[in-house]
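Engineer: This is the structure I want to talk about, given as structure tokens.
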Amino acid sequence: MSARTLRRLREGALGYLLVLPALGAFGLFVFYPLVKTAYLGFFLAPPTPNLPSHYVGFHQYGQVLGSSEFVSDLGRTAFFVLLTVPTGIVIGLLLANLAHTKVPGIRAFRTIYSSTVATSTAVASVAFLTLLNPQIGVLSYLFGKAGGNGVLANPHWALPAVAMVTVWQNIGFTFILMSAALQSLPQEVLEAAKVDGASGSVRFRQIVLPLLSPILFFAAVIGVIGGFQSFGQIDLLTQGGPNHASLVLIYDIYQQAFQFNNPGYAAVLSIALFGILLVLTFVQFFFFQRRVSYASD
Amino acid sequence: MDNDDREPLSASVLSALTGGPAFTRRDLLRSAAAVGVGAGVGLLLPGVAEAKSKFPIGAAKGSKSKPVSITMWHSMTEANLQTLQKLTAQFQRSQKNVRVNLVGQNSYTDTLTAYTTALSAGTSKLPDVLQWETSLIQLLIDSQSVVPVGSAVAADHYSLGDYVPSMLNYFRVNGTLWAMPFNISSQVLYYDQNVLAKAGLDPTKPPTTLNALRSAAKKIVSSGAAKYGMSLKGAPATFELFMSLGNKTVVNHSNGRKGRATAVTFDDALGRSIFSWWSGMLNDKLAQETAPTGTGVYDNLLAIGSGIAPMTLDTSAALGTILSVLTQKQYANVKLGVGPIPSPGSKPTKAGGVFIGGAGLYIVKKSAAHQDAAWQFIKFLTSPAQQATWAVGTGYVPVRKASLSNPTLSKAWKSVPGYRVPYQQLLSSPVNPACAGYVSGAANQIDTAIQNALAALSNGTPAKQALSQAASAANSAIRSYNQRV
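Heads up: the protein sequence lines correspond to chains A and B, in order.
If you number the first sequence the way my numbering does, the last residue is 303 and the count never jumps.
If you number the second sequence the way my numbering does, the last residue is 490 and the count never jumps.
The structure is reproduced here in structure tokens:
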């Protein structure tokens, strides 16, 4: 063994040693649960956990993923993501543009716009629960939905109402992302365009947007993943109801695992959610990356 | 009661036949049982009847380490808790062999969660006596963690003759008595006599059928006595009670009592007529809909107080609370009346009746001394004198007929005759599968499906469609549950 190979080996070993803690943590808290979840999906869970499970192989996967309930879950989840992600990004971008001017006191607005990032889902949900209350809620009054059982008990409005809370809560995060991106834009390009006589809207569409595309892309990926995993607001506002109107995939997983004592079923749904997010992320990377400009980086 | 020590065989056979492809020891046993039945061997197979008939009577007394300390999990709060504590103290004074430790679990839902968690942690974490919501009976049977009370009754030669038959009927599945009725309630019609009188109705004769209820509501609205005739709270039990009052089952195999239920039966002519009645009441603005869960659960009762809707159906367990709220000045013009829950149609169905709400007491599978101690305590809690104390202290319906001759109880009932109504309707309910109420391991999901369907009615979904949607959701929940057993 030459001295060079030896040195390489030693360096390699050191490298592995250094990533070992991270690998250990990932293994224990990410990879092991992932494998275990996939494994649980092969078993029909008994009604109570003191009884033995039945091994059924892929039978449960086929049954759960082929069921109409799963398809409806997916539809509602997709609708929820469509309601939350594009609106969240557009509002965040608009606010960031508004706040991207040099006027006195703009910092106060920046703080206000980004403040929702410091609000926990629970706090936001409870606040909106009051605002949407059919008897005393201000929003119910403004929407003309006062009285009756309220928007959250209405099968047509429950999911959009939850989506609204989610958008509101996400504004802070997208605002910070967009503001940071706007501030790091190369000023010379914008100034050159200005000199060339490009109007504000032309500059925004032709220069700012393309330059922002990496961050828009990032916000979309994070938003979709976050949208698929939104749980707290649904649990606090509607519990998946009324009549399954806000039963998204993640909430179904929760109900199956912890309310119906059916971990096998929940495991299959979890693996499906994992697969969907994996595919979506790949799709986003392959199709949209080509349109994303990293020129400024 | 020689029926009570028999293993619920037909349920096991059924699930072995419809069960999944995998085989466990349990399945093999069941298949053997199925083959046995197929070969005409009969129901009493050696080894399957097990130790059920040998309940360890006297084990607590004979225990080396006395007193035997047992734990009871309950979901009682406020006045109910105080009465339970009082009875428990009485029990401890009455004998020296058994000590009882009461552990509160806040609600039936919390009890379900805690018990399920404890099941995976092992027997030592389980209570000895379990107060368990009526509708979850099949899940508890399927957990194989409780001893049927019937086996203790048989071994103790204990007489059940004084218990209200319809209450025992609820806890019998496949001929086995699984629990003792303890805190029992039933749904009744609450109404404001003054508003009924104002509308020209006889306040002493509340409507007894759904058709009469509808015409009463019409009179109340058209006479301007109130905005609505009544509040309809979309509780699944209300619909299920209408079914039993019409002598119809909710699920197949005799409401799941002669074999594991495999499908619902409520999507029939009676179910559809109840749903059309319900949707008609809402569409014609004769009734307002109120929430069955969440912060609005008392809206139907408050509507009687505020005069918006002077009638509603709700559990008899609420009577005490209603009466104490009505003593407030703002409700001075309300004169509460209590009537039996109305039957569907235009006249009461023969052989129709009501089933119970509330909870039963179960003996958890533990050591012999603990099982016996649990039985002694359950026997005490359901004795006539204790049930009289219990009924007066809590407003629940006494489970013993002899409790009625108790002076405290008769005095209390004389001053509030409304307490007699739920007792009478349970006492007069016949013992048959429809009136027993349904059992299924998927009861929670079946109830949710019905609740969703009732809620859908208020959003304009046609009755027939709402009902068939409920049936298909419930059926898929039953299928999913059954293949896991």
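C-beta: ideal position from N, C-alpha, C; glycine also.
The model shown is predicted, which means the values in this text are computed figures rather than measured ones.
#1: Assuming Leu324(B) and Tyr175(B) form a contact by the criterion Cβ under 8 Å, report the distance between their Cβ atoms to the nearest whole angstrom.
#2: Count the CB pairs spanning the region 342–354 of chain B and the region 421–437 of chain B that are closer than 8 Å, and state whether there are at least three.
#3: Please determine whether the Cβ atom of Leu135(B) lies at a distance below 6 Å from any heavy atom of the ligand PLP.
#4: Can you find at least 3 beta carbon pairs, one from the region 130–143 of chain B and one from the region 354–374 of chain B, that sit closer than 8 Å?
#5: Since Asn188(B) contacts Tyr401(B) with CB under 8 Å, what's their CB separation in whole angstroms?
#6: State the Cα-Cα distance for the pair Asp7(B) and Gly155(B), rounded to the nearest angstrom.
#7: So, do the region 226–246 of chain B and the region 293–309 of chain B have three or more beta carbon pairs nearer to each other than 8 Å?
#8: So, are the CB atoms of Gln66(A) and Gly270(A) less than 7 Å apart?
#9: Closer than 8 Å by C-beta to Trp380(B): which residues in its own chain qualify, once you throw out the five before and the five after it? Chain order, please.
#10: Could you please give the first and the last residue of the uninterrupted beta strand (DSSP E) stretch that includes Met235(B)?
#11: Would you call the region 106–120 of chain A and the region 185–194 of chain A touching, i.e. three or more CB-CB distances under 8 Å?
#12: Measure how close the beta-carbons of Val404(B) and Pro170(B) come, nearest whole angstrom, since I'm counting them as under 8 Å.
#13: For a test of the three-state rule: what should DSSP assign to Asn106(B), helix, strand or coil?
#14: Following the continuous alpha helix (DSSP H) through Met184(A), name the residue where it begins and the one where it ends.
#15: Once DSSP output is grouped into helix, strand and coil, what is the label at Phe187(B)?
#16: I think Val41(A) touches Phe49(A), with their Cβ atoms under 8 Å apart; what is that distance to the nearest whole Å?
#17: Quick check: Gln235(A) and Ile256(A), are their CB atoms within less than 7 Å of each other?
#18: If you draw a straight line from the C-alpha of Gly206(A) to the C-alpha of Gly156(A), how long is it?
#19: Looking only at its chain, what residues have a beta carbon closer than 7 Å to the beta carbon of Thr172(A), apart from the 5 residues adjacent to it on each side?
#20: Establish whether the CB of Arg489(B) and some CB of chain A are separated by less than 7 Å.
#21: Mind listing the chain B neighbours of Phe149(A)? Cutoff is C-beta to C-beta under 9 Å, in chain order.
#22: Listing by chain order, which chain A residues have their CB less than 7 Å from the CB of Ala202(B)?
#23: Could you list which residues in chain A have their beta carbon closer than 8 Å to that of Gln450(B), in chain order?
#24: In whole angstroms, what is the alpha-carbon distance linking Ser150(B) and Val96(A)?
#25: Taking the alpha carbon of Leu144(B) as the point to measure from, which residue in Ser129(B), Trp183(B), Met77(B) has its own alpha carbon closest?
#26: Could you say which of Gln333(B), Ser80(B), Lys290(B) lies nearest to Leu135(B) if we only look at CA atoms?
#27: At a Cβ cut of 8 Å, what residues of the region 54–79 of chain A count as close to chain B, listed as they run along the chain?
#28: Using the rule of at least 16 other Cβ atoms within 10 Å of the residue's Cβ for burial, across every protein chain shown, is Thr287(A) buried or exposed?
#29: So for Pro412(B), helix, strand or coil by DSSP?
#30: Kindly list, in the order they appear in chain B, the residues whose Cβ is closer than 9 Å to that of Ala51(A).
#31: Using a Cβ distance threshold of 8 Å, determine whether the region 477–488 of chain B contacts the region 260–267 of chain B, with at least three qualifying pairs required.
#32: CB Pro438(B) to CB Ser311(B), shorter than 7 Å?
#33: Using the rule of at least 16 other Cβ atoms within 10 Å of the residue's Cβ for burial, across every protein chain shown, is Phe86(A) buried or exposed?
#34: Does Phe32(A) come out as helix, strand or coil in the three-state DSSP assignment?
#35: Given this structure, state the Cα-to-Cα distance separating Asn464(B) from Gly109(B), to the nearest angstrom.
#36: At which residues does the alpha helix (DSSP H) containing Met172(B) begin and terminate?
Structural biologist: Let me lay it out:
#1: Actually they are not in contact, since the Cβ atoms of Leu324(B) and Tyr175(B) sit about 21 Å apart, beyond 8 Å.
#2: yes
#3: What this structure holds is no ligand at all, so the ligand PLP is not there to describe.
#4: yes
#5: 5 Å
#6: Per-residue confidence for Asp7(B) stands at a pLDDT of 37, beneath the threshold of 50, marking its modelled position as unreliable; the derived number appears in the next sentence. Each residue's Cα considered, the two are about 9 Å apart.
#7: yes
#8: yes
#9: Phe60, Ile62, Val154, Ala157, Asp161, Ile368
#10: 235–238
#11: yes
#12: About 11 Å; that fails the 8 Å criterion.
#13: strand
#14: 164–189
#15: strand
#16: Contact doesn't hold; Cβ gap of about 14 Å is too wide.
#17: yes
#18: 43 Å
#19: Thr90, Ser236, Gln239
#20: yes
#21: Near Phe149(A) there are no residues of chain B at all, since even the closest Cβ is about 17 Å away, more than 9 Å.
#22: Result: empty, since nearest Cβ-Cβ is about 29 Å, beyond 7 Å.
#23: Phe266
#24: 56 Å
#25: Trp183(B)
#26: Ser80(B)
#27: Thr54, Pro55, Asn56, Leu57, Pro58, His60, Tyr61, Val62, His65, Ser73, Glu75
#28: exposed
#29: helix
#30: Arg489
#31: yes
#32: no
#33: buried
#34: helix
#35: 39 Å
#36: 170–175
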